[in-house]
Structures are given as structure tokens and as C-alpha cells.
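Colleague: Residue numbers (full-length UniProt numbering): 18 to 350.
Beta carbons: idealized from backbone N, C-alpha and C, even for Gly.
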Ligand code: NAI
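Dropping the structure here:
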């Protein structure tokens, strides 16, 4: 059997981790033949909670799970990693300014990027989930200069899945009948969910999403705002942020990195924008349409962009530039 791989999940005492760890440990992400050592990092006051999670993982009696290592120590947590899923971050508290939140997170992701640099394998695949995910990812990548920038990505797959599902429900088809939706830009309310290149399979006939939905006003209006504001809607209803769906999206994202995307399909993830053909500023982590093969991603080039899309792609890029510039100020302090 294969050698175990070392997988880190940070924010291990939190609610996303609670939904995520079982799926990883039972083989849904890295394969049913791949033994796993799970490293669970959280801050020191949360370690008693992490111990409870460790007990439950043991009690699941999962054959692929070789070892679970709870820790608050970065030297232990980031050692020899094959994959790092960075979920833990500073949450927004009432009365907290956006800038203060960004500052706290720059500190966290600078430290964790530094720990990746120092302790992880150079081949480590890093997925940043904690918000603001794109900018946190950029800071982590910049703080780990000897790890290729291509090894870093941030989660916009939840937004992607939300968009697919909205279209599927509207057309009365199953979610796997919709492919190639795109989330452009920031994992925030400026993101642009785009279905100009999406395909829907309706009773065996594949057609463009606009033909399948037959309601351009909805696609240009409520569809976009529903996806953009879905996170807030879940918080309002549940009094807690999306966790089950976020965990599912993390699994989809990492599994695609590990095993590749399906032929002829693309997914969305936030990646380093260097060399993109869509005129997006280079030094950003921006969500693009992506295909993956041999653990290597590629931005899908050459999709036609109309004026409607262009304006929205630029608006979310502008927000990311501003976020980056503020974060880089903090990074240099
Ligand atoms: P949570 O508050 O339940 O758990 C977060 C955990 O992270 C806590 O246990 C906390 O102690 C820990 N933590 C804080 N600082 C840490 C550090 N420096 N190192 C290690 N652990 C640390 O939050 P939840 O619901 O699990 O969400 C986690 C993050 O994921 C939030 O930032 C949330 O906004 C983000 N998120 C991102 C999504 C995306 O699509 N990119 C979707 C949903 C949530």
C-alpha cells in the first residue's frame, strides 16, 4: 500500500473542520487507497476542543487514517506536509473594521506562509479557505518564496457549486447536468458568477445555459445576486456561516487538484493571476476557469468576454487590488 500522506487542516476546532475531517479521513479526497496522517492545528485555547475531534476521528474507526496529530505548534503542524488546508482565520467581530480584520489575517497568513516555507515539502498543495481567502492566499504565497506560487489556491468552489445548483434548480435538472459555470474574481460579494460558457444537459440534449434557462433577466439579475449574497443568507438563517457546503466544496477542490478535472470541463478556483489572458492584474489571487491535469492547473484561455462580463470582472479585480495593497502595507510593517 502507498506511503501515508500528511494533510494539515487548520481551524481544526471550528465548524467547517467538523464537517470536513470525516470526508478526508475516509478517502473522499485523496483516494480510497491513500493512507493519511491528519494534522489538526488550532490556537492553544482551542486544543481541548481539538482533543474531542481527535477522539471522534478515532471512534470512526477509519482504515485509511493512520495517525491524528493535534497541535498548536507550527513547527509540528507544518512539518513535511503534502497538503495544507488553511481554514482557520480571524473572524469578523461586531464593530470590527474591514481593515482591522485584514491586518489580523495578514499576521496569521504571514506566519503560516513562513511555516510552510520552513517545514513543509516544496511540493505541498496549499488551499486557503479562511477569509478574506484570496488575499490571505496571496500573503501566504508571498511568505513562502521557495514554494512555487502555482501550489497555492483559494476556495471559490463553494460559489461555483452554488451557481451550478441555482441553474440546475431553475432548469429542473440534477446538479451534475450543469457544467462550466465560472466564478471570476474575489470570494466576496463582488465576485462575478458567469454562465455565458456554461452547458446544461436537458433530457439528454446539451445546450448553453441561456437557452436552457430562457430568462436572461434572471441570469443577469437575481441569479448573480443570489450567488453573491448566498453566504450572508445562510448566516442570517442559520446564525452560523456555511459549513457543510464549504466542507463539500473543499473536498471537490482538493480532489480535483489531486486527480484532475473531467475532460472538457472546467471548475473555478482562486489562483495566481500571472500570465492570464483576460487582462487581470498579475499580482493577485483571482478566481478563474481552471482545468487540472497531473496536479497542475491551467487557466482556460480564449473564452469570449462581452461588455457585461468585462465590467464585472474588472470591478471584482479592483476590489482585490485594493485589498492586496492594504495587506502589503501591513506585511511590510
Ligand atoms: P469557526 O469560527 O467555526 O472556526 C475557525 C477556527 O479557526 C477556530 O477554531 C479558531 O480557533 C481557529 N483559528 C483562528 N486563528 C487560527 C490560527 N492562527 N491558526 C489556527 N487556527 C486558528 O469558523 P468556520 O465556520 O470553520 O470558518 C472558517 C473560515 O472559513 C472563516 O474565515 C470563514 O469566513 C471562512 N469561509 C470561507 C469560505 C470560502 O468559500 N472561501 C466559505 C465558508 C467559510
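Can you tell me whether residue 311 is buried or exposed, with buried defined as 16 or more other CB within 10 angstroms of its CB?
Modeller: The residue you call residue 311 lines up with position 294 of the chain shown. Exposed, since its Cβ has fewer than 16 Cβ neighbours within 10 Å.
Colleague: Which whole runs of the beta strand (DSSP E) in the region 212 to 286 are 3 residues long or more, in chain order?
Modeller: 216 to 219 and 222 to 225
Colleague: With respect to the alpha helix (DSSP H) encompassing residue 101, which residues constitute its N-terminal and C-terminal limits?
Modeller: For the purposes of this step, residue 101 is taken as the residue at position 84 of the chain shown. Taken as a continuous stretch (DSSP letters only), residue 101 belongs to no alpha helix (DSSP H), being part of the beta strand (DSSP E) at 100 to 103.
Colleague: For residue 106, is the classification buried or exposed, using 16 other Cβ atoms within 10 angstroms of its Cβ as the cut-off for buried?
Modeller: Indexing the chain shown from 1 puts residue 106 at position 89. With a 10 Å radius around the Cβ and a threshold of 16 neighbouring Cβ atoms, residue 106 comes out buried.
Colleague: With DSSP as the reference, label residue 140 as helix, strand or coil.
Modeller: Start at 1 with the first residue of the chain shown, and residue 140 comes out as number 123. The answer is coil: DSSP assigns residue 140 none of H, G, I, E or B.
Colleague: Using the Cα positions of residue 27 and residue 274, report the straight-line distance between them to the nearest angstrom.
Modeller: Within the chain shown, numbered from 1, the residue matching residue 27 stands at position 10. Within the chain shown, numbered from 1, the residue matching residue 274 stands at position 257. Distance between the alpha carbons of residue 27 and residue 274: 19 Å.
Colleague: Please go through the same chain and pick out, in chain order, the residues whose beta-carbon is closer than 7 Å to the beta-carbon of residue 251, but skip the five residues on each side of it.
Modeller: The residue labelled residue 251 in the question sits at position 234 within the chain shown. Around residue 251, the same chain offers 258 and 259 as residues with beta carbons nearer than 7 Å, after the five sequence neighbours per side are excluded.
Colleague: Would you identify the three-state DSSP class for residue 114, choosing helix, strand or coil?
Modeller: Here residue 114 is taken as the residue at index 97 of the chain shown, counted from 1. DSSP places residue 114 in coil when its eight states are reduced to three.
Colleague: Judging by CA-CA distance, which residue of 29, 281 and 229 is the nearest neighbour of residue 186?
Modeller: Reading the chain shown from its first residue, position 169 is the one you call residue 186. If we check each option's Cα against that of residue 186, 229 comes out closest.
Colleague: Does the beta-carbon of residue 113, which I'm using as the reference point, lie nearer than 7 Å to any heavy atom of the ligand NAI?
Modeller: In the chain shown, residue 113 corresponds to position 96, counting from 1. Residue 113 Cβ: outside cutoff for every heavy atom of the ligand NAI.
Colleague: For the ligand NAI, I want to know if residue 184 counts as a neighbour, meaning its beta carbon is within less than 7 Å of at least one of the ligand's heavy atoms.
Modeller: For this step, residue 184 is matched to residue 167 along the chain shown. False, no ligand heavy atom lies under 7 Å from that Cβ.
Colleague: Could you check what DSSP says for residue 171 in three-state terms: helix, strand or coil?
Modeller: On the chain shown, residue 171 is found 154 positions in, with the first residue counted as 1. The answer is strand: DSSP assigns residue 171 an E or B state.
Colleague: Secondary structure at residue 20, three-state DSSP: helix, strand or coil?
Modeller: The sequence position of residue 20 within the chain shown is 3, counting from 1. Secondary structure at residue 20: coil, using DSSP grouped into helix, strand and coil.
Colleague: Can you confirm whether the region 58 to 71 touches the region 280 to 300 when touching is taken to mean that 3 or more C-beta pairs between the two stretches lie within less than 8 Å?
Modeller: no
Colleague: I'd like the list of long-range same chain contacts for residue 246, defined as Cβ closer than 7 Å, with 5 residues on each side in sequence excluded.
Modeller: Position 229 of the chain shown, counting from 1, holds the residue named residue 246. Answer for residue 246: 206, listed in chain order.
Colleague: The alpha helix (DSSP H) spanning residue 37 covers which residue range?
Modeller: The count along the chain shown starts at 1 and reaches residue 37 at position 20. Here the alpha helix (DSSP H) through residue 37 covers 32 to 42.
Colleague: When you compare the CB positions of residue 155 and residue 307, do they come within less than 8 Å of one another, or not?
Modeller: Start at 1 with the first residue of the chain shown, and residue 155 comes out as number 138. Start at 1 with the first residue of the chain shown, and residue 307 comes out as number 290. In this structure, residue 307 does not lie closer than 8 Å to residue 155 by Cβ.
Colleague: Does the distance between the C-beta of residue 252 and the nearest non-hydrogen atom of the ligand NAI fall short of 7 Å?
Modeller: Taking the chain shown and counting its residues from 1, the one referred to as residue 252 is at position 235. Every heavy atom of the ligand NAI is 7 Å or more from the Cβ of residue 252, so no.
Colleague: Taking only the alpha-carbon atoms, compute the straight-line gap between residue 148 and residue 264 and give it to the nearest angstrom.
Modeller: For the purposes of this step, residue 148 is identified with residue 131 of the chain shown, where counting begins at 1. For the purposes of this step, residue 264 is identified with residue 247 of the chain shown, where counting begins at 1. So the two alpha carbons sit approximately 14 Å from each other.
Colleague: Under 8 Å: do the region 158 to 177 and the region 116 to 123 share three or more Cβ pairs, one atom per stretch?
Modeller: In the pairwise beta carbon analysis, the region 158 to 177 is classified as not touching the region 116 to 123: fewer than three pairs are separated by under 8 Å.
Colleague: Quick one: which unbroken alpha helix (DSSP H) runs of 4-plus residues sit fully inside the region 47 to 104? Chain order, please.
Modeller: 64 to 76 and 91 to 94
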